[in-house]
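Input: a single structure, listed below in structure tokens.
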Amino acid sequence: MVVQVRPGLTALSTILLGANTVIQAALPDILAKTPDSFYENAINVMQTNAKLVYEELCRIPGLTPIMPCGAMYMMVGIDISQFADIKDDVDFTEKLVAEQSVFCLPAKCFHYPNYFRIVLTTPEPMTKEACIRIADFCATHRDSAENGLSNGHSQKRSTSV
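In mature numbering (1 follows the signal peptide of the UniProt record, and there is no 0), the protein residues as written are -25 to -1, 1 to 136.
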């Protein structure tokens, strides 16, 4: 019989404001009884998604993904000059979630402006869909840059050969 721990953890985390002593006490037993296959699967999902996201976002002009070295997320640089109606990473992520329902964290909260953070722990089909939506979002906002809309940044353009 497999015990479902996640619903209990979620329920407890939503009602307690301080440290959850019940979970703190149970955690050593939970971790000791978690099979190695769980960790192997989690690592495999993150490695697969890191490669997928990196390859897909490298194809998008204006974005520069940074391949993580063991993190559960990827940092992605935004060349703001490529997007006329985008002011910064906060504006980028707010518009991305509003227009494409893809939630990424603006890196300004880490004092790392004009980057955003994308989580790599989601199932692969969701990750692929997120990459498609990010590409569509960037194409739309890059088109507005090419049509002369201004975000107050210089309109320097790079060309591909």
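Every residue gets a Cβ at the ideal spot worked out from N, C-alpha and C, and that includes glycine.
Which residues bound the beta strand (DSSP E) around residue 141?
-> The shown model of the chain, from -25 to 136, leaves out residue 141, and the question about it has no answer.
Secondary structure at serine 129, three-state DSSP: helix, strand or coil?
-> With a pLDDT of only 38 at serine 129, under 50, the local geometry of the prediction cannot be trusted, and the value read off the model is given with reservation. Assignment of serine 129 by DSSP, reduced to helix, strand and coil, places it in the coil class.
Residue range of the unbroken beta strand (DSSP E) whose run includes isoleucine 53 = Isoleucine 53 -> beta strand (DSSP E) spans 48 to 53.
Between the CA atoms of valine 65 and arginine -20 - distance to the nearest angstrom | Arginine -20 and valine 65 have their C-alpha atoms some 31 Å from each other.
Look at the Cβ atom of threonine 68, then the Cβ atom of cysteine 79, and state whether they are nearer than 8 Å.
-> Taking 8 Å as the Cβ cut-off, threonine 68 and cysteine 79 qualify as a contacting pair.
Would you mind sorting leucine 38 into buried or exposed? The rule is 16 or more other CB atoms within 10 Å of its CB.
-> Burial is judged here by how many other beta carbons sit within 10 angstroms of a residue's own beta carbon; leucine 38 has at least 16 and is buried.
Would you kindly report the start and end of the unbroken alpha helix (DSSP H) that includes phenylalanine 13?
-> DSSP places phenylalanine 13 in the uninterrupted alpha helix (DSSP H) bounded by 11 to 33.
When the Cβ atoms of the stretch 49 to 62 are set against those of the stretch 13 to 21, are three or more pairs found closer than 8 Å?
-> A contact between stretches requires three or more CB pairs, one per stretch, nearer than 8 Å, and the stretch 49 to 62 fails this requirement with the stretch 13 to 21.
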